[in-house]
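Here's the structure we're looking at; comments come further down.
Structural data, given as structure tokens:
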């Protein structure tokens, strides 16, 4: 009877430990978000783009993009995108983002 209680206790400890590890692992998997501002002074010419900085939030990225467009005085013609966690890909010779939103 004593061995059965010990086995149950060991199983419970293992179960709790594994659950805790999985939970912590999921939390660590959330990568820090960095948003890159891309400003297109002429939205018809998407090959001409200005990299306008990297920001901690989408809201900051959007605000900086709109400010740059205003600064360039191209509000009627310009557009922008904010890219999430962009990294330079050597084989493509360009930056690739997890997603791009306006």
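Numbering (the numbering used here), first residue to last: 21 to 122.
All C-beta atoms in this analysis are idealised placements derived from N, C-alpha and C, irrespective of residue type, glycine included.
Computed from a predicted model, the values in this text were never measured in an experiment.
For residue i, the first and last residue of its enclosing alpha helix (DSSP H)
i	result
residue 87	78 to 92
Residues bridged to residue i [DSSP beta-bridge criterion]
i	result
residue 107	116
residue 101	58
Enclosing beta strand (DSSP E) for residue i [first to last residue]
i	result
residue 60	55 to 60
residue 71	70 to 75
Burial state of residue i (16 or more Cβ within 10 Å)
i	result
residue 111	exposed
residue 24	exposed
residue 93	exposed
Residue i vs residue j beta-carbon contact at 8 angstroms
i	j	result
residue 75	residue 69	no
residue 66	residue 103	no
residue 105	residue 85	no
residue 80	residue 89	no
Inter-stretch contact (C-beta, 8 angstroms, three-pair minimum) for the region 83 to 99 and the region 112 to 120 = no
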